[in-house]
Structures are given as C-alpha cells and as structure tokens.
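Shown next, in structure tokens, is the structure this report addresses.
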Amino acid sequence: MDSLDVVEWDRTVVVIDRLVALGSTARMPLSRSLGEGLFELRFTLGPTARRVTYRFSKDGRIVLLTTFRKQRNNERTEIARARRAAEDCARTNP
81 MDSLDVVEWD RTVVVIDRLV ALGSTARMPL SRSLGEGLFE LRFTLGPTAR
131 RVTYRFSKDG RIVLLTTFRK QRNNERTEIA RARRAAEDCA RTNP
C-alpha cells in the first residue's frame with residue numbers, strides 16, 4: 081500500500097473502515113472469500129479495480145496481507161502470494 085498516493089490511500093482507508101465495521105459479516109460486492117480463511121476486499125480507485133487480501137486471527141482481528149491491481153492475467157499469482165502471506169502470518173500470529 082506504500083505505492084498509493086494520498087487520494088488513493090484515503091479511499092482505501094474508507095473501504096477498510098467499512099470492513100472493520102462489518103467484520104466477518106462483510107459480503108459481496110465488498111468482500112469475497114478465496115477459501116481456507118482467506119478473503120479479498122474489493123474496491124476501485126478511479127478506473128482501477130484493487131484488491132486487498134486479508135484473514136481473521138483467532139481473536140477476531142482483521143489482518144491485512146497483500147494488495148494488488150486486479151487484472152485477469154495476474155489474479156492466480158497474486159492469490160498464491162496472498163496464501164503464502166496468510167500461512168506465514170498464521171504461524172507467527174495465530
């Protein structure tokens with residue numbers, strides 16, 4: 081998320097705040113399950129579809145993992161990267 085400019089960051093924070101308010105009850109079109117406890121937060125920044133992957137910790141905290149620009153040719157790679165990040169995170173912060 082370091083690559084986001086101020087306007088993009090502000091929009092991203094609004095979407096993350098919505099996720100925090102809804103928690104595990106968040107559903108499409110805001111959130112989609114990717115399986116095995118991994119989810120994606122779905123939103124647009126201008127014309128660009130963005131995704132932020134996340135999981136829930138055992139105590140219910142939302143753990144943001146990765147972010148990427150949605151493109152048909154990169155989605156599998158990005159979801160695999162998010163799964164690795166989720167596994168690493170689960171080992172160190174269950």
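Add 80 to the 1-based position in the sequence shown for the numbering used here, that's all there is to it.
Heads up, the beta-carbon is just placed ideally off N, CA and C, and yes, glycines get one too.
Note that the structure is a prediction, hence the values are computed from the model and not measured.
Where the alpha helix (DSSP H) through residue i begins and ends
i, result
"Ala170", "155-172"
"Leu125", "Taken as a continuous stretch (DSSP letters only), Leu125 belongs to no alpha helix (DSSP H), being part of the beta strand (DSSP E) at 118-125."
Residues sharing a beta bridge with residue i, DSSP
i, result
"Ile142", "Phe136"
"Ala129", "Thr124"
"Thr147", "Val132"
Range covered by the beta strand (DSSP E) that runs through residue i
i, result
"Arg91", "Counting along the chain, Arg91 falls outside any beta strand (DSSP E), though it belongs to the alpha helix (DSSP H) covering 86-102."
"Arg152", "Taken as a continuous stretch (DSSP letters only), Arg152 belongs to no beta strand (DSSP E), as it is neither H nor E."
"Met110", "According to the sequence shown, residue 110 is Leu rather than Met. Unbroken run through Leu110: none, as it is neither H nor E."
Assigned exposure category for residue i - 16 Cβ within 10 Å defines buried
i, result
"Ser111", "buried"
"Thr92", "buried"
Is the number of C-beta pairs between the region 155-166 and the region 123-130 that are closer than 8 angstroms three or more? With contact defined as three or more Cβ pairs closer than 8 angstroms, the region 155-166 and the region 123-130 are not in contact.
For the region 87-94 against the region 105-120, are there 3 or more C-beta pairs whose distance is under 8 angstroms? They do not touch, by the three-pair rule.
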